[in-house]
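Undergrad:
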Amino acid sequence: MYKIDKEKCLGCGGCTITCPKGLNIGDDSRAQVIDEEELIRAGGDNVCPYGAIVLEDDEIIDEEDEEEKSSY
Ligand code: SF4
């Protein structure tokens, strides 16, 4: 799952130009992910030149665990 590292995000808005359906600038003047599928299509973490878009592997593992549990 992609997240914005609020410490690294400059609020420049570059990512919202590259991927307007996937990201916008929130009330905190930092980017926020609004549609992860769109963000993935646009290039995922490559959309931000400052490394502020990060992929959080832990949550993907958690989701896989939940899928396994629900299949029993
Ligand atoms: S995520 Fe990157 S490109 Fe988007 S506003 Fe923040 S610093 Fe700019």
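Yeah, the sequence shown ends on 896 if you go by this note's numbering, and it's all consecutive.
In this text, a Cβ means the ideal position worked out from N, Cα and C, and glycines have one as well.
#1: If you draw a straight line from the C-alpha of L847 to the C-alpha of C836, how long is it?
#2: Tell me which residues pass a beta-carbon proximity test against the ligand SF4: closer than 6 Å to any heavy atom, given in chain order.
#3: Going by DSSP in three states, A866 sits in which element: helix, strand or coil?
#4: Please report how far the alpha carbon of D869 lies from the alpha carbon of L863, in whole angstroms.
#5: Taking Cβ positions, are A866 and C843 nearer each other than 8 Å?
TA: A quick look at the data gives this:
#1: Reading the sequence shown from its first residue, position 23 is the one you call residue 847. Reading the sequence shown from its first residue, position 12 is the one you call residue 836. For L847 and C836, the distance between alpha carbons rounds to 12 Å.
#2: I828, C833, L834, G835, C836, G837, G838, C839, A855, C872, Y874, A876, I877
#3: In the sequence shown, residue 866 corresponds to position 42, counting from 1. In the structure shown, A866 sits in a helix (DSSP, three-state: H, G or I).
#4: Position 45 of the sequence shown holds residue 869. Position 39 of the sequence shown holds residue 863. Approximately 8 Å between the Cα atoms of the pair.
#5: As a position in the sequence shown, residue 866 is number 42, starting the count at 1. As a position in the sequence shown, residue 843 is number 19, starting the count at 1. Yes; because the gap between Cβ atoms is below 8 Å, this pair is in contact.
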